[in-house]
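Participant: Heads up: the sequence shown at position 54 corresponds to 54 in full-length UniProt numbering, and the numbers run straight through without jumps. Backbone N, C-alpha and C define an ideal beta-carbon position, used for all residues, glycine too.
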Amino acid sequence: MAGTRLHVYFAVVQAIVILPKPVSLHYINNQPPAHTIALTVSQPLRKAQQQKFKSLATESRVIAMGWAKKHDSHSMTSDWTLQDKSQWNLYQLLIDWNRFYPIIPWKALPVHLKTDKMPYMAPLSQHLFIIFYATVPLALHQAYSSLTGHTVGSFMSFLLYGWAHLITSVREMLLLRRLIHKHGCLDGDVHHRDGIPNTGARKVLVGPPKTAFFRLALAVSLTYDSHTSPLDAMTDISCWPVSFLKLCLYGITLDFWFYIYHRACHEIPFMWKYHRTHHLSKHPTAAMAAWADDEQEVTEMVLIPLFTFATFWSVGLELGFYEWWICSEYIVFSEVIGHSGIRVHVIVPSPISWLLCLCDAELAIEDHDLHHRFGWRKSFNYGKQTALWDKIFSSKSPRLESRESNVDYEDIVWMPIF
Numbered sequence: 001m002a003g004t005r006l007h008v009y010f011a012v013v014q015a016i017v018i019l020p021k022p023v024s025l026h027y028i029n030n031q032p033p034a035h036t037i038a039l040t041v042s043q044p045l046r047k048a049q050q051q052k053f054k055s056l057a058t059e060s061r062v063i064a065m066g067w068a069k070k071h072d073s074h075s076m077t078s079d080w081t082l083q084d085k086s087q088w089n090l091y092q093l094l095i096d097w098n099r100f101y102p103i104i105p106w107k108a109l110p111v112h113l114k115t116d117k118m119p120y121m122a123p124l125s126q127h128l129f130i131i132f133y134a135t136v137p138l139a140l141h142q143a144y145s146s147l148t149g150h151t152v153g154s155f156m157s158f159l160l161y162g163w164a165h166l167i168t169s170v171r172e173m174l175l176l177r178r179l180i181h182k183h184g185c186l187d188g189d190v191h192h193r194d195g196i197p198n199t200g201a202r203k204v205l206v207g208p209p210k211t212a213f214f215r216l217a218l219a220v221s222l223t224y225d226s227h228t229s230p231l232d233a234m235t236d237i238s239c240w241p242v243s244f245l246k247l248c249l250y251g252i253t254l255d256f257w258f259y260i261y262h263r264a265c266h267e268i269p270f271m272w273k274y275h276r277t278h279h280l281s282k283h284p285t286a287a288m289a290a291w292a293d294d295e296q297e298v299t300e301m302v303l304i305p306l307f308t309f310a311t312f313w314s315v316g317l318e319l320g321f322y323e324w325w326i327c328s329e330y331i332v333f334s335e336v337i338g339h340s341g342i343r344v345h346v347i348v349p350s351p352i353s354w355l356l357c358l359c360d361a362e363l364a365i366e367d368h369d370l371h372h373r374f375g376w377r378k379s380f381n382y383g384k385q386t387a388l389w390d391k392i393f394s395s396k397s398p399r400l401e402s403r404e405s406n407v408d409y410e411d412i413v414w415m416p417i418f
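(1) Any heavy atom of the ligand ADP closer than 8 Å to the CB of L247?
(2) Let's see if you can read the secondary structure: which residues bound the alpha helix (DSSP H) around P241?
(3) Quick check on DSSP: helix, strand or coil for Y360?
(4) Using 8 Å as the threshold, is the stretch 371 to 378 in touch with the stretch 346 to 357, meaning 3 or more CB pairs across them?
(5) Please say whether G338 and C185 have beta carbons closer to each other than 9 Å?
(6) Please confirm whether E323 and K246 have their CB atoms less than 9 Å apart.
(7) Out of curiosity, what's the CA-to-CA distance linking M301 and F307?
(8) Ends of the beta strand (DSSP E) at V407?
(9) Distance, Cα to Cα, E410 vs I180?
(10) Quickly, what does DSSP pair M118 with across the bridge? List them, please.
(11) Please state the DSSP three-state secondary structure of H345.
(12) Which residues mark the beginning and the end of the alpha helix (DSSP H) in which L94 is found?
(13) If you follow the alpha helix (DSSP H) that C327 is part of, which residue opens it and which one closes it?
(14) Which ranges does the alpha helix (DSSP H) cover as unbroken runs of at least 4 residues, wholly within the stretch 164 to 239, from first to last along the chain?
(15) Taking only the alpha-carbon atoms, compute the straight-line gap between P230 and A290 and give it to the nearest angstrom.
(16) Assuming T285 and I103 make a contact with CB atoms under 8 Å, what is their CB distance in whole Å?
(17) At the level of alpha carbons, what is the spacing between M76 and D225?
(18) Would you report the Cα separation of I95 and Y101, rounded to the nearest angstrom?
(19) With a threshold of 9 Å between beta-carbons, can P416 be considered close to chain C, or not?
(20) Are F312 and T253 closer than 9 Å when you measure CB to CB?
(21) Tell me the rounded alpha-carbon separation between P351 and V152.
(22) Look up T308 in the DSSP assignment and say whether it is helix, strand or coil.
(23) Could you tell me whether the Cβ atoms of H278 and D293 are closer together than 9 Å?
(24) Could you check whether S125 and W414 sit closer than 9 Å to each other, using their CB atoms as the reference points?
(25) Looking only at its chain, what residues have a beta carbon closer than 6 Å to the beta carbon of residue 423, apart from the 5 residues adjacent to it on each side?
(26) Taking only the alpha-carbon atoms, compute the straight-line gap between L128 and S281 and give it to the nearest angstrom.
(27) Could you give the first and the last residue of the continuous alpha helix (DSSP H) run that contains T148?
(28) Quick test of your reading: P110 and S169, contact by CB under 8 Å. State the CB separation rounded to the nearest angstrom.
(29) I'd like to check one pair, P305 with L218: are the Cβ atoms closer than 9 Å?
(30) Roughly how many angstroms lie between the CA atoms of I196 and S78, to the nearest whole one?
(31) To the nearest angstrom, how far is the alpha carbon of residue 506 from that of L249?
(32) For N98 and I392, I'd like the C-alpha separation in whole angstroms.
(33) Over the uninterrupted alpha helix (DSSP H) stretch that includes I392, give me the two end residues.
(34) Compute the Euclidean distance between the alpha carbons of L90 and T199, then round it to the nearest angstrom.
(35) Could you tell me how far apart the beta carbons of T320 and T235 are, in whole angstroms, since I believe they sit closer than 8 Å?
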């Protein structure tokens, strides 16, 4: 039993002693001007913005090149694509050769006013994308076992599912790029999306595989049983209801631990330096999802999932490897699309998204985009899978472009699979 292999006992300490008033973002006189959107902010957000600009004026640091340091120099400048290719380094050449651009630098994007209606992404298309790409490695695994009669060992499963995780995230980014060049980006009438910094090409290339294989190493070591094939796990119909329950609860549980850690990084002074790098991008792209220092990466790749595993085991819901794999594919999808900045109203997919919507606790991709755009030391919208914990702890902000009255639910966008 996996529960006997790992004995983790933890106590939830009250991490948030004084909860701030909910953030308020609203139009002046509740009516946006025709060609420009003027915003006023509540006192907590105004202080956060002032602190942000003060910090940007007095501090700079190297972005995600290793362990977080307090005083290093760096620029978010991204103009290397305008330079002669003979001046590019190896990582920049690899990005260009593979067309690993979240947004094609030399291709213009559609620009929309914030008052323009926003299309809506069909939830079914998101579920189909996730299930399709989650099924591919399961099918390959089963085919090998059935045709050869051999089991797939831990190391081979680590490689198979690690590569599947990586390929899926990259494929999602490239498919989103197609949609972005059709529908534009959030806040596109004010600012373009951040490009890959001149000194950040290596990090952009190394980040996704590091995330994929660290997560797989943890999951394989804790849950994988080489004697159980995907078909063996799925043919036991009696387990389906419990597996579905785990899928419903996984994102919420993981997001609880992420929320505590994420908010602590913003509000506990000594922890901010471990998260500051990620926030130097104010208009992130899907390529920036893993843009962070090593401490943040270790926390999000290992510790947060470990706490989630422990939480499930503590209540008798032991996660099997294949159950974890499906849950993980939902997490990866939301992480990539949540940093894409696409100007489409996308609700982070979950089997219980409908229930979260009824509770006003669903997460739209604009929520995290606003967190990057306006957040600094003090922020809001800390959740990355749901807005449940933000709602409970009064840190949820209203939306701007994807507010309910601005979404055209008849203009439906489908997430492509190919």
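Facilitator: For this structure:
(1) What this structure holds is no ligand at all, so the ligand ADP is not there to describe.
(2) 240 to 267
(3) What sits at residue 360 in the sequence shown is Asp, not Tyr. Note: D360 maps to coil in three-state DSSP.
(4) no
(5) no
(6) yes
(7) 11 Å
(8) 407 to 413
(9) 19 Å
(10) Its beta-bridge partners are V407.
(11) strand
(12) For L94, the uninterrupted alpha helix (DSSP H) segment begins and ends at 90 to 97.
(13) 321 to 338
(14) 201 to 223, 230 to 234
(15) 29 Å
(16) 6 Å
(17) 45 Å
(18) 7 Å
(19) Going by chain labels, chain C is absent from the structure shown, which holds only one protein chain.
(20) yes
(21) 30 Å
(22) Secondary structure at T308: helix, using DSSP grouped into helix, strand and coil.
(23) Here H278 is near D293, since their CB atoms are less than 9 Å apart.
(24) yes
(25) What is shown of the chain runs 1 to 418, which leaves residue 423 out entirely.
(26) Distance from the CA atom of L128 to the CA atom of S281, rounded to whole angstroms, is 30 Å.
(27) 123 to 148
(28) Contact doesn't hold; Cβ gap of about 25 Å is too wide.
(29) yes
(30) Rounded to the nearest whole angstrom, the CA to CA distance from I196 to S78 is 6 Å.
(31) With the chain represented from 1 up to 418, any question about residue 506 goes unanswered, as that position is not in the structure.
(32) Roughly 43 Å separates the two Cα atoms.
(33) 388 to 392
(34) 12 Å
(35) Going by the sequence as given, residue 320 is Gly instead of Thr. So it is not a contact: roughly 13 Å between Cβ atoms.
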